[in-house]
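Shown next, in structure tokens, is the structure this report addresses.
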Amino acid sequence: MTDGTDTETDRAAADAADPDRIDVDAVLERAGFDAETNVLTRRQAEVLALRERGMRQRDIADRLGTSRANVSNVEASARENVTRATETIAFAEAVGSPVRVNVPAGTDLFDVPTMVYDACDDADVKVNHTAPELMTHISEAADSAVEGRAVHEQLLVGVTDDGEVRVRRSGE
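Sequence positions in the sequence shown follow the UniProt record's numbering and run 1 to 172.
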């Protein structure tokens, strides 16, 4: 901090060096946490903020006056809520996309760009990816549903009006 400013990187480094100095209220405020609109409870947000800054569950438990097991449960619930919220967003984006392509299990990943490009041509939507980029994006977004060139689970590939590609496992 040579110029007197306190950047997020500087704060994170200082927090990691001395976890007791973490001001959870300030962290949540900087992140824009609002308990009224967030899917996380205040306690879940606190635990995630502290864990993401390197604090051990045992130390968080001491700080919050609870057990390590309780902190573990709160963290697990928070991460599950984040996963569900992420899945909900992916679902809403896929369903709301003007182009939706169902990719059946057993499809060769190399065939997927043609399927997507053909559907986009029909809807007069331009995809923002070359074929290799599209295959990489789909493979990464689908996680274990795609291994190598093989699609193992049915996928829903949505393309937004602005050409962004959204991928979700449609069997979930």
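C-beta atoms are modelled at their ideal positions from N, C-alpha and C, and glycine is treated no differently.
Report yes or no: is there a C-beta of chain C within less than 8 Å of the C-beta of residue i?
i, result
"Ala45", "No chain C is part of this structure, which consists of one protein chain only."
Starting from the C-beta of residue i, find all residues in its chain whose C-beta is less than 7 Å away, skip the five residues before and the five after it, and write them out in chain order.
i, result
"Leu105", "Strictly speaking, residue 105 in this sequence is Ala, with Leu absent from that position. Val151, His152, Glu153, Gln154."
"Ala49", "Val24, Val27, Leu28"
"Ser77", "Gln44"
"Ser97", "Gly158, Val159, Thr160, Arg166"
"Ile103", "One detail in the question is off: residue 103 reads as Val in this sequence, not Ile. Val112, Met115, Val151, Gln154, Leu155, Val157, listed in sequence order."
"Tyr117", "Val127"
Which residue's Cα is closest to the Cα of residue i: the options?
i, options, result
"Ala31", "Arg21, Glu46, Leu64", "Glu46"
"Val167", "Gln44, Arg149, Glu140, Gly148", "Glu140"
"Ala123", "Thr160, Thr130, Thr136", "Thr160"
"Ala145", "Asp121, Thr86, Thr130, Ser170", "Ser170"
"Pro113", "Ser77, Thr136, Glu80", "Thr136"
"Glu147", "Leu156, Phe110, Glu87, Thr86", "Phe110"
"Thr37", "Tyr117, Val103, Asp121, Ala85", "Ala85"
"Thr41", "Leu134, Glu80, Thr130", "Glu80"
How many whole angstroms separate the CB atoms of residue i and residue j, which I take to be in contact at a CB cut-off of 8 Å?
i, j, result
"Val95", "Ala119", "Going by Cβ atoms, the distance from Val95 to Ala119 rounds to 15 Å, so no, they are not a contact pair."
"Gln57", "Val71", "5 Å"
"Asp108", "Arg149", "5 Å"
"Ala115", "Val101", "Reading off the sequence shown, one finds Met at residue 115, where the question assumed Ala. Contact flag correct, Cβ pair sits at about 5 Å."
Looking only at its chain, what residues have a beta carbon closer than 8 Å to the beta carbon of residue i, apart from the 5 residues adjacent to it on each side?
i, result
"Asn128", "Asp162, Gly163, Glu164, Val165"
"Arg51", "Gln57, Ile60, Glu75"
Looking at the strands, I want to know which residues DSSP matches up with residue i.
i, result
"Gly158", "Arg100, Arg166"
"Ala150", "Asp108, Glu147"
When we look at the beta-carbon of residue i and count the other beta-carbons within 10 Å, is it buried (16 or more) or exposed?
i, result
"Gly158", "buried"
"Pro132", "exposed"
"Ile22", "buried"
"Ser67", "exposed"
"Ile89", "exposed"
"Ala35", "exposed"
"Ala92", "exposed"
"Thr2", "Because Thr2 sits at a pLDDT of 45, beneath the cut-off of 50, its placement in the model cannot be relied upon, and the point is left open."
"Ala142", "buried"
Among residues of its own chain, excluding the 5 on either side of residue i, which ones have a beta-carbon nearer than 6 Å to its beta-carbon?
i, result
"Val82", "none"
"Phe33", "Ala45"
"Leu134", "Pro113"
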